[in-house]
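Residue numbers (the working numbering): -5 to 146. Written below as structure tokens is the structure these notes are about.
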């Protein structure tokens, strides 16, 4: 039986579920979360990091308040998602995988969002925005800044 205040050791098969739980809770995998998972599984933190870094679903930096995912699937590609991505990069002054200095936006590229009928589509957190043109991007970004009480 574990001592008071310590957590029970878990089997190594629990690694991926623990990583998913930590990322869901914190929005990313912090150094502290990796260390805690390593202790719970009785494996080195480097092993935990090695497994987590293999999967692109895990991230090691705190994401922005609004995570923008640009679909690059076939339908979106044909309908101009590259132009949407370029407009977002220009408006936010960041590249995919980066977060704005104010911590408000993170830009990501994904293979498919599964909303092909809305192509080209981006997802901001849990909201889909479809049939976009590059000209829509400044207003879309501004609407999220306004939600946060920030203006450019």
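We treat Cβ as the ideally placed atom computed from N, Cα and C, and that holds for glycine.
Would the stretch 39 to 50 count as touching the stretch 86 to 98 if we require 3 or more Cβ pairs under 8 Å?
Touching, no.
In this structure, does DSSP put residue 118 in helix, strand or coil?
Strand at residue 118.
Rounded to the nearest angstrom, what separates residue 19 and residue 135 at their Cα positions?
Using only the alpha carbons, I get a separation of about 26 Å.
With the cut-off set at 9 Å, would you say residue 119 and residue 61 are in Cβ contact?
Result yes, Cβ atoms of residue 119 and residue 61 sit closer than 9 Å.
Where residue 71 and residue 91 are concerned, what is the direct C-alpha to C-alpha distance, given to the nearest angstrom?
Spanning the two alpha carbons is a distance of roughly 19 Å.
Alpha carbon to alpha carbon, what distance is there between residue 139 and residue 97?
Each residue's alpha carbon lies about 11 Å from the other.
Start and end of the alpha helix (DSSP H) containing residue 100?
Per DSSP, residue 100 belongs to no alpha helix (DSSP H); it is in the beta strand (DSSP E), 99 to 104.
Grab me the residues of residue 114's own chain with a C-beta within less than 6 Å of its C-beta, minus the 5 sequence neighbours each way, in chain order.
Contacts found: 70, 73, 74, 75, 78, 126.
What residue range is occupied by the uninterrupted alpha helix (DSSP H) comprising residue 131?
Looking at the DSSP string, the run of the alpha helix (DSSP H) that includes residue 131 is 131 to 141.
Using a Cβ-Cβ cutoff of less than 8 Å, which residues in the same chain neighbour residue 35 once the five nearest sequence positions on both sides are dropped?
If we look at residue 35 and ignore the five residues flanking it on each side, its Cβ neighbours are 3, 4, 5, 6, 8, 9, 12, 42.
What's the call for residue 55, buried or exposed, on a 16-neighbour Cβ count within 10 Å?
Exposed: under 16 other Cβ atoms inside 10 Å.
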